[in-house]
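All remarks here apply to the structure that follows.
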Amino acid sequence: MRTITLNKPGEFSFGETETPGELAPDTALVRVHRVGICGTDLHAFRGRQPFFSYPRILGHELGVEIIEVGANEQGLKVGDHCAVEPYLNCGHCIACRRGKPNCCVNLQVLGVHTDGGMRELIHVPVHKLHPSQSLSLDQLALVETLGIGAHAVARAQLQAGEFVLVIGAGPIGLSVIQFAQLEDVKIIVLDVSESRLEFCQQQLDVEFTMQGNEDVLNRLQELTNGDLPTVVFDATGNATSMGQAFNYVAHGGKLIFVGLVQADITFNDPNFHRRELTLFATRNSTGADFQRIISLLENGRVSTEPWITHRATCEAMIEQFPQWLEPDSGVIKALVEF
Numbered sequence: 515m516r517t518i519t520l521n522k523p524g525e526f527s528f529g530e531t532e533t534p535g536e537l538a539p540d541t542a543l544v545r546v547h548r549v550g551i552c553g554t555d556l557h558a559f560r561g562r563q564p565f566f567s568y569p570r571i572l573g574h575e576l577g578v579e580i581i582e583v584g585a586n587e588q589g590l591k592v593g594d595h596c597a598v599e600p601y602l603n604c605g606h607c608i609a610c611r612r613g614k615p616n617c618c619v620n621l622q623v624l625g626v627h628t629d630g631g632m633r634e635l636i637h638v639p640v641h642k643l644h645p646s647q648s649l650s651l652d653q654l655a656l657v658e659t660l661g662i663g664a665h666a667v668a669r670a671q672l673q674a675g676e677f678v679l680v681i682g683a684g685p686i687g688l689s690v691i692q693f694a695q696l697e698d699v700k701i702i703v704l705d706v707s708e709s710r711l712e713f714c715q716q717q718l719d720v721e722f723t724m725q726g727n728e729d730v731l732n733r734l735q736e737l738t739n740g741d742l743p744t745v746v747f748d749a750t751g752n753a754t755s756m757g758q759a760f761n762y763v764a765h766g767g768k769l770i771f772v773g774l775v776q777a778d779i780t781f782n783d784p785n786f787h788r789r790e791l792t793l794f795a796t797r798n799s800t801g802a803d804f805q806r807i808i809s810l811l812e813n814g815r816v817s818t819e820p821w822i823t824h825r826a827t828c829e830a831m832i833e834q835f836p837q838w839l840e841p842d843s844g845v846i847k848a849l850v851e852f
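Now the structure itself:
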């Protein structure tokens, strides 16, 4: 079967690999039709992705079709189109026992810790498949990205009317924006890219945006009548940005790190204590998040229509992939078609 492998930083290869063997119990064989490209894939290509080893078959944002499946409690059948929840948890560690499989002690993420979906066929546990009778394969491939934002927003427990700052308007930041908007808050978006800020204004109807070269603190105080945002999401995966984010949170507010960076983050402890800030990490998402997102997509409350800006066949991806890393490429979300 056709397979793309990241052999080492900066080097993909396209070739043929063996098809998966016999199905294990409670597992389905799925045909991969769409693979979304995300920051994890870009970081792996650059050699900057934590918890990563080479060679690796990337791909964890997947829109798939079930080719073979046995009897199952989920009611899945051959021909179903599904989103894949790519977080393979152990089921018995402290996090799993407490209902947090997204941060399982022994977590294996497809395309990161174990080989993913940049291939025609793959085995997936049935409970990690989330079907839809109406969503397109493109939409299903984006459910995982949306799940990162949905889970982060759920962690923040937003209250209607409060000011929320989202730092970073890449795909993860955009997903945070979309789910925060469902909570009827006042959103401010900060990014260094003028084109991404324009995207937020034109496609997501974000009222307040600012560029990183502005006097951010003074501008935030102006917008919030001197209070600063009560919730700040940093979706940059940039250590400098994450360190500065502590200064943008109102007294008694919350700071949520959605992005991941392979570095230490430092902050001024007196400033942190004086404001009595609450700092959250947020990792991946849960099956419940996937089901909620699919329902929201099906009823039109969340849209992926503006997201997909680039696409390539699996044969053409290797040549095009480096271009997607360029700041002026205009990529919001790229999809690979198998």
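According to our numbering, the residues represented by the sequence shown are 515 to 852, in order.
C-beta atoms are modelled at their ideal positions from N, C-alpha and C, and glycine is treated no differently.
Please read all numbers here as calculations on a predicted model, not as lab measurements.
> Taking the runs of the beta strand (DSSP E) that are 3 residues or longer, which of them lie wholly in the region 620-661?
Replying inline: The region 620-661 contains these whole beta strand (DSSP E) runs: 635-639 and 643-645.
> Can you list, in chain order, the stretches of the beta strand (DSSP E) that have 3 or more residues and sit fully within the region 798-842?
Replying inline: 822-827
> In terms of DSSP beta bridges, what is V598 paired with?
Replying inline: Per DSSP, L643.
>> Quick test of your reading: V720 and Y762, contact by CB under 8 Å. State the CB separation rounded to the nearest angstrom.
In response: The pair is not a contact, with the Cβ atoms about 17 Å apart (cut-off 8 Å).
> Does DSSP put T554 in a helix, a strand or coil?
Replying inline: helix
>> Residues in the same chain with beta-carbon distance under 8 Å from L839, minus the five sequence neighbours each way, listed in chain order, please.
In response: L556, F559 and R560
>> Here's the rule I'm using: 16 or more other beta-carbon atoms within 10 Å means buried, otherwise exposed. How should L656 be labelled?
In response: By the 10 Å Cβ count, L656 comes out buried.
>> Can you tell me whether N603 is helix, strand or coil according to DSSP?
In response: coil
> Using the beta-carbon count (16 or more within 10 Å), is G524 buried or exposed?
Replying inline: exposed
> In angstroms, rounded to a whole number, what distance separates the CA positions of E587 and A597?
Replying inline: Between the alpha carbons of E587 and A597 lies a gap of roughly 17 Å.
>> Looking at the strands, I want to know which residues DSSP matches up with K768.
In response: V745 and T792
>> Does the structure place the region 607-624 close enough to the region 815-832 that three or more beta carbon pairs sit under 8 Å?
In response: Counting Cβ pairs under 8 Å, fewer than three are found: no touch.
> Which two residues bound the contiguous beta strand (DSSP E) that contains I608?
Replying inline: From DSSP, I608 is part of no beta strand (DSSP E) but of the alpha helix (DSSP H) over I608 to R611.
> In terms of residue numbering, what span does the alpha helix (DSSP H) encompassing F693 cover?
Replying inline: Note, F693: alpha helix (DSSP H), P685 to Q695.
>> I need the DSSP call for M756, collapsed to helix, strand or coil.
In response: If DSSP states are grouped into helix, strand and coil, M756 belongs with the helices.
>> Please report the straight-line C-alpha distance between V699 and T531, rounded to a whole angstrom.
In response: 49 Å
> Does the beta carbon of V745 sit closer than 7 Å to a beta carbon anywhere in chain D?
Replying inline: Of the protein chains in this structure there is only one, and it is not chain D.
>> Using a Cβ-Cβ cutoff of less than 6 Å, which residues in the same chain neighbour P569 once the five nearest sequence positions on both sides are dropped?
In response: Counting only Cβ-Cβ distances below 6 Å, and skipping sequence neighbours, we find T519 and N521.
> How close, in whole Å, do the beta carbons of I581 and L590 come, if the pair is a contact with beta carbons under 8 Å?
Replying inline: The Cβ separation is near 11 Å, so there is no contact.
> To the nearest angstrom, how far is it from the Cα of N782 to the Cα of F760?
Replying inline: 9 Å
>> For K847, tell me which candidate among K642, P685, G675 and C604 has the shortest Cα-Cα distance.
In response: P685
>> Our contact map puts V508 next to V690 with C-beta atoms below 8 Å; I'd like the distance itself, whole angstroms only.
In response: Outside the shown range of the chain (515 to 852) lies residue 508, about which nothing can therefore be said.
> Could you check where the alpha helix (DSSP H) with Q673 kicks off and where it finishes?
Replying inline: Neither: Q673 is in no alpha helix (DSSP H) and is coded neither H nor E.
>> Among the candidates G584, R710 and G682, whose CA atom is the shortest distance from the CA of A753?
In response: Per the Cα distances, G682.
> Taking the alpha carbon of G630 as the point to measure from, which residue in S650, H644, E599 and F794 has its own alpha carbon closest?
Replying inline: E599
>> Just to confirm my understanding: we take P645, look at its own chain, exclude 5 residues before and 5 after, and list those with CB closer than 7 Å. What are they?
In response: For P645, same chain residues with a beta-carbon under 7 Å away, outside a window of 5 residues either side, are L590, D594, H595 and C596 in chain order.
> Just how far apart, CA to CA, sit D540 and D803?
Replying inline: 21 Å
> If G605 sits next to L537, beta carbons under 8 Å apart, how far is it from one beta carbon to the other, in whole angstroms?
Replying inline: Not really, about 19 Å apart at Cβ, beyond 8 Å.
> If we ignore side chains and look at the alpha-carbon of each, how far apart do G757 and I779 end up?
Replying inline: 6 Å
> How is the alpha helix (DSSP H) around F566 delimited, first residue to last?
Replying inline: Looking at the DSSP string, F566 is not in any alpha helix (DSSP H), and its letter there is neither H nor E.
> Apart from the five residues just before and just after Q563, which ones in its own chain have a Cβ nearer than 8 Å to its Cβ?
Replying inline: T554, H557, V626 and Q776
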